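With this note's numbering as the guide, the letters of the sequence shown map in order to residues 1453 to 2035. Heads up, the thing below is written out as structure tokens.
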Amino acid sequence: MPANTTNAAARDGAAVPDGPAAVPDEAVAPLLRGITVLRRLTEADGGALSLSALERATGLARSTVDRLVATLVRMDYVRLDGRDVHLAPRLMELGNAYLAALRLPALLAGRADALADELDESVSLAVGDRDGIRFIHQATRRRAMSLSFRIGDLLPAERTAPGPLFAAGWTPADWHRWHERRTADPRDDRFPALPPREHASADAEFERRAARAALDGWALDDQLIEPGLVAISVPVRAPGTGWARGTGWAPGTGWAADTGWAVGAGEVAGAGDVADAGEVVCVASVVSHTSRHSAPDLRSALLPRLRAAVAAMEDDLRTAPPAQPGPPPAGLAVWTGASKQELGREFVESLARGLTVLTAFGEGRAALTLTEIARATGLTRASARRALITHEHAGLLAPAPDRTYALTPRVLSLGFPPLSRTSLPEIAQPHLTALAGRVHESAALAVLSDTGDEIQYTARAAGGRVLSARVTVGTRLPAHATALGRVLLADRPDATASPVLRRVREEGHALVDEELEAGLRAVAVPVRDRAGRVVAAVNIAMHAARGTTEECLTRVLPELRHTADLVEAELRVAGRFCRVAVV
């Protein structure tokens, strides 16, 4: 492995108390390089870099970057737009695997959202990630002054309210690593979600805050991140001795073998360490700004309600049934082998196979043995073992005393923060562009207006013809007179009262032929979310002279359905733990 790649890998999470860890002999070099590519894209503005910028950011040779990107494009983890590489929503399946195994977002997000509505303030859930904290849920208020933090963002513990609560349980090795990081990175340049530190603070101050948090059971951030931002935090604790003891759960490892639980990972606990009752599994925070609440006001006015919400969360953890594992991914090794045969040396099979190991985890599969991982992915034990060694070195997996492995919060560093804010139009746009290029007609995405009487265009792609539909994004049209509108209206409960809408619902598409405008023909199909609700529609619009309606249905409709399927697949991944805006 070239030295520059080794240094990048060490910077990306391979640090140990004694300094950067040497790359293990059995680590998969292309997998480490691919992880570095994904992390540099994650840190980039908008989750995108040109190929040349990616070469500079990673220190890798251009030919290596090209092959890694080609492989990630094949996996639908990134996409190419000219010479620019963009993160793609499908990449979120890696972070989803961690969040599903963790279970905490699924069980506690509803409580966090309800508290945000009650207080009209932003509420977050965070887990510890070594000497930092990482968000696993955000319920953000939409205001002119609003938070920019995203699910997966990493913050230094000492500049947050949750940090002291996690630090209260740190070991001497944890504190040693924290001091080393503070010395090596005094401006917090390792944390792109934050503005650089302007004023130094003494290490002893954070140590005092951690000791105080251990006594008080809550912690405060009084403008530590930046002027005006204040937050108060309370720890959410594991159910109790009966749940923790005898389950194979160890503090900070992120795994709970017999319960299906996974907890925010720091480092692996020793074989003799067993979770005490009340182990902190995450921290809930209320975040505001000083124009609404001072720091003392947060404590007096909001702390009691935050504590009540946390108590309800802990009750939910106590009464939650064990996780029921779903089917693991299947045929991944076969797929990577076929891709290698098709693309040849441009497909880096060891990178693709290594990343598929992360998808073996999920709800009910929080802790897996080497044999279980090999079986789930179809890899040989030798290939799976080398991937595990690589991921452990990169900080993405943690081994446990019972010879199992679990994902760590650092998996969220692989694209999740920028992609967590992806909107439906952003998901649909590349697919609309590809559709328009295939059928040589204009394609568009639309949603219903709040009143339900109009459609609003939210994305479009031109078909490249002289005579084509040129409706701009933001345009509104009567819903009943458009194919897009009829598809959207057909999903409403009262749609069966209309013969037209009833037929659209039964056929799964709408065709409008010169009803809105002479010469304009359009066909549309629905786009459904994870729950099966129609949230948008996609269409193709063309001049009626370019074929009969039957030819339109034969030639265009299958392409349109295929595009809707692609959009829905990415929407399901992006919307599993994040809210996807439809406009």
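Beta carbons: idealized from backbone N, C-alpha and C, even for Gly. This one's a predicted model, so the numbers in the text were calculated from it and none came from an experiment.
Here the alpha carbon of I1585 sits roughly 5 Å from the alpha carbon of L1607.
R1827 is the residue among R1827, P1756 and L1769 whose C-alpha sits nearest the C-alpha of P1781. Along the length of the region 1933 to 2017, whole beta strand (DSSP E) runs at least 3 residues long occupy 1962 to 1965, 1972 to 1980 and 1986 to 1995, reported in chain order. Straight through space, the alpha carbons of L1941 and R2013 are spaced by roughly 18 Å. When DSSP reads this structure, S1740 sits in a beta bridge with V1682. The DSSP-derived three-state label of H1892 is coil. Note on geometry: alpha-carbon atoms of R1491 and R2024 lie some 23 Å from one another.
Proximity to T2015 across T1885, L1936 and A1775 peaks at T1885, based on C-alpha coordinates.
Remark: three or more beta-carbon pairs, one from each stretch, lie closer than 8 Å, so the region 1846 to 1856 and the region 1813 to 1830 are flagged as touching. In the DSSP annotation of this structure, E1798 is not part of any alpha helix (DSSP H), being labelled neither H nor E.
Runs of the beta strand (DSSP E) lying entirely within the region 1483 to 1512 and spanning at least 3 residues, in chain order: 1500 to 1502. Bounds of the alpha helix (DSSP H) holding H1845 are R1833 to A1846.
Where I1825 is concerned, the enclosing alpha helix (DSSP H) starts and stops at L1822 to T1829. In the three-state reduction of the DSSP assignment, Y1550 falls in the helix class, which pools H, G and I.
Using a Cβ distance threshold of 9 Å, A1620 and P1638 do not count as a contacting pair. Classified as exposed, G1778 has fewer than 16 neighbouring CB atoms from the shown chains inside 10 Å of its CB. Comparing alpha carbon positions, the residue from S1746, A1552, A1931 and A1690 closest to I1588 is A1552.
Within the model, the alpha-carbon separation for A1591 versus D1565 is close to 6 Å. Between the region 1751 to 1764 and the region 1784 to 1804 there are fewer than three inter-stretch CB-CB distances shorter than 8 Å, so the stretches are not counted as touching.
At a Cβ-Cβ threshold of 9 Å, A1989 and R1973 do not count as neighbours. Taking a 10 Å sphere around the C-beta of T1874, we find 16 or more other C-beta atoms and assign the residue as buried. The Cβ neighbour count for P1773, taken over all protein chains shown within 10 Å, is under 16; the residue is labelled exposed. Here R1855 has T1821 and L1822 as same chain residues with Cβ atoms under 8 Å from its own Cβ, once five neighbours each way along the sequence are excluded.
With three or more CB-CB distances shorter than 8 Å, the region 1925 to 1932 counts as touching the region 1903 to 1911. In this structure, V1489 sits near L1520, with a CB-CB distance shorter than 9 Å. In the structure shown, the three-state DSSP call for P1877 is helix. Secondary structure of S1865 (DSSP, three-state): helix.
Looking at the DSSP output, I1585 bridges to G1580 and L1607.
In the DSSP assignment, E1906 is bridged to P1930.
A distance below 8 Å between beta-carbons, with the five flanking residues on each side excluded, links V1863 to the following residues of its chain, in chain order: L1546, G1547, A1549, Y1550, L1810 and L1848. The distance from the Cβ of V1735 to that of P1614 is about 4 Å, consistent with a contact at the 8 Å cut-off.
Ranked by how close their Cα comes to the Cα of S1737, the residues Q1675, A1671, R1744 and R1660 have A1671 in first place. Counting the other CB atoms within 10 Å of its CB gives E1966 a total below 16, which places it among the exposed residues. Closest by C-alpha distance to D1768, out of R1833, R1555, L1871 and D1477, is R1555. Per DSSP, the unbroken beta strand (DSSP E) holding L1532 starts and ends at V1530 to D1533. For Q1590, DSSP records a beta bridge to S1576.
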